[in-house]
């Protein structure tokens, strides 16, 4: 058991180090970009909503870019075959990829956002970053379709729709929606809690696909 | 005890059927799998590596069914695919270091000596290496953990004749010195003539011959395995034409 954990730690370090080494410039660019709206908010601005929106978009961008690069690129250039021919199970490989992705996303989000010293915002940013990156990576792991990484983006379109109006005839759904929009902290905690569950389920699905 | 044993091994992939294949590989033995494109060479190697599940029959590598216990097999064996993939932006040394993390018994000094033997500049970016150096690098990555078995899918394919001979004579030496069992596949050519102890000839998924190569050469009175293959396939087609007529 100890040997197994030791081996898994080595695998995790190898995958994370490799991903960081390949995407270090992307990580640096997005992190620095995120400092811009944060600095604007710190200095005081008459358009705080714009700065917050920009910061949110950059979090979305980080989650999307890292998740897509992390797995879809391995598939496209054939290095997924190399990884799968090594003594590592598909389940462990996908989990390592998720953990590596989390390390990249969380550093990108937390380094600039922590400067605002706003625990509530930090919670929201982490919840959003974790859930979004999990969904993006899960879609690229499960499907080899080139449009797979974009599928979770479609769900975000829902946020731009007048959902309240659509839900008027369904009082229970409307009540749930209103609760979700008025309790962002609880939603963020739920997002943080559900992300590892999605990651583990995705790893199981990938393992089943490989053994089929 | 043999390293590989298959009994009535068969697999169906769409309209293609491979087998039945019965074969054995002892330590220090080199088995050549020979046949044209689509003969089933890669499929057989994938079965032995645990990438594919047998349709019927059994395959055992170190006494283990490879598709059920892939990791146990891979820790003791090395595999080289027909189109090795790399992280092209890494240096050769970084690439080998990355691979080393997956093997608890990785031998750094062995890898260094192989890099020297093959004359590969380990500090060069993989993308800048020549095709033959890339193949040698892939071979080193498959040998770094001192495997007892090597499965090589067309390692000499597309290489210039000098490099091809260098790789094959290195493999022969390796099997003799370190008692490693080696399976090499090759398209119909004389790549295997000087290297293999035993030959498995495949054509459209069927076994044409499985015998010690010296015995086969003696039986046919021919010195080239390629000639034996062509003659055997022609005989089979002739017989089937007569049967249909």
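Protein chains in written order, with the numbering used here: chain U, 545 to 756; chain L, 82 to 326. Think of the CB as a built atom: it goes at the ideal place given N, C-alpha and C, for glycine as much as any other residue. Quick caveat: nothing in here was measured; it's all calculated off a predicted structure.
CB of residue i within 8 Å of CB of residue j, strictly
i                     : j                     : result
residue 131 (chain L) : residue 286 (chain L) : no
residue 677 (chain U) : residue 569 (chain U) : no
residue 280 (chain L) : residue 113 (chain L) : yes
residue 104 (chain L) : residue 84 (chain L)  : no
residue 160 (chain L) : residue 255 (chain L) : no
residue 218 (chain L) : residue 210 (chain L) : yes
residue 593 (chain U) : residue 648 (chain U) : no
residue 332 (chain L) : residue 551 (chain U) : The requested residue 332 (chain L) is not part of the displayed model; chain L covers only 82 to 326.
residue 650 (chain U) : residue 739 (chain U) : no
residue 314 (chain L) : residue 289 (chain L) : yes
residue 272 (chain L) : residue 237 (chain L) : yes
residue 746 (chain U) : residue 686 (chain U) : yes
residue 179 (chain L) : residue 558 (chain U) : yes
residue 190 (chain L) : residue 234 (chain L) : no
Under 8 Å by beta carbon: chain U residues contacting residue i
i                     : result
residue 170 (chain L) : 566
Straight-line gap, residue i to residue j (C-alpha atoms, nearest Å)
i                     : j                     : result
residue 95 (chain L)  : residue 119 (chain L) : 13 Å
residue 163 (chain L) : residue 220 (chain L) : 11 Å
residue 305 (chain L) : residue 278 (chain L) : 14 Å
residue 635 (chain U) : residue 751 (chain U) : 5 Å
residue 117 (chain L) : residue 253 (chain L) : 23 Å
residue 658 (chain U) : residue 667 (chain U) : 10 Å
residue 498 (chain U) : residue 602 (chain U) : Because chain U in this structure spans residues 545 to 756, residue 498 (chain U) falls outside the shown range and cannot be described.
residue 141 (chain L) : residue 216 (chain L) : 28 Å
residue 133 (chain L) : residue 199 (chain L) : 32 Å
residue 655 (chain U) : residue 582 (chain U) : 11 Å
residue 589 (chain U) : residue 619 (chain U) : 44 Å
residue 712 (chain U) : residue 731 (chain U) : 22 Å
residue 633 (chain U) : residue 148 (chain L) : 11 Å
residue 597 (chain U) : residue 753 (chain U) : 38 Å
residue 688 (chain U) : residue 625 (chain U) : 13 Å
residue 88 (chain L)  : residue 701 (chain U) : 56 Å
residue 168 (chain L) : residue 175 (chain L) : 9 Å
residue 284 (chain L) : residue 143 (chain L) : 27 Å
residue 638 (chain U) : residue 319 (chain L) : 52 Å
residue 571 (chain U) : residue 643 (chain U) : 15 Å
residue 307 (chain L) : residue 612 (chain U) : 47 Å
Partners in chain L for residue i, counting only beta-carbon separations shorter than 7 Å
i                     : result
residue 623 (chain U) : 166 and 168
residue 752 (chain U) : The premise fails here: residue 752 (chain U) is roughly 13 Å from chain L at the closest Cβ pair, so nothing lies under 7 Å.
residue 626 (chain U) : 166
Under 9 Å by beta carbon: chain U residues contacting residue i
i                     : result
residue 155 (chain L) : 629, 630, 631 and 632
7 Å Cβ cut-off: residues of chain U touching residue i
i                     : result
residue 160 (chain L) : 629
Check whether the segment 279 to 295 of chain L touches the segment 249 to 261 of chain L, taking contact to mean three or more Cβ pairs, one atom from each stretch, closer than 8 Å. no
What are the residues of the segment 197 to 223 of chain L that lie near chain U, defined by any Cβ-Cβ distance shorter than 8 Å? none
Of all the residues that make up the segment 172 to 198 of chain L, which are near chain U by a beta-carbon distance shorter than 9 Å? 175, 178, 179, 180, 181, 182, 183, 184 and 185
Is the segment 144 to 164 of chain L close to the segment 197 to 212 of chain L, with three or more CB pairs under 8 Å? no
Of the residues that make up the segment 133 to 154 of chain L, which ones have a beta carbon closer than 9 Å to any beta carbon in chain U? 134, 148, 151, 152, 153 and 154
Could you please tell me which residues of the segment 552 to 564 of chain U, in chain order, have their CB closer than 9 Å to any CB of chain L? 554, 555, 557, 558, 559, 561 and 562
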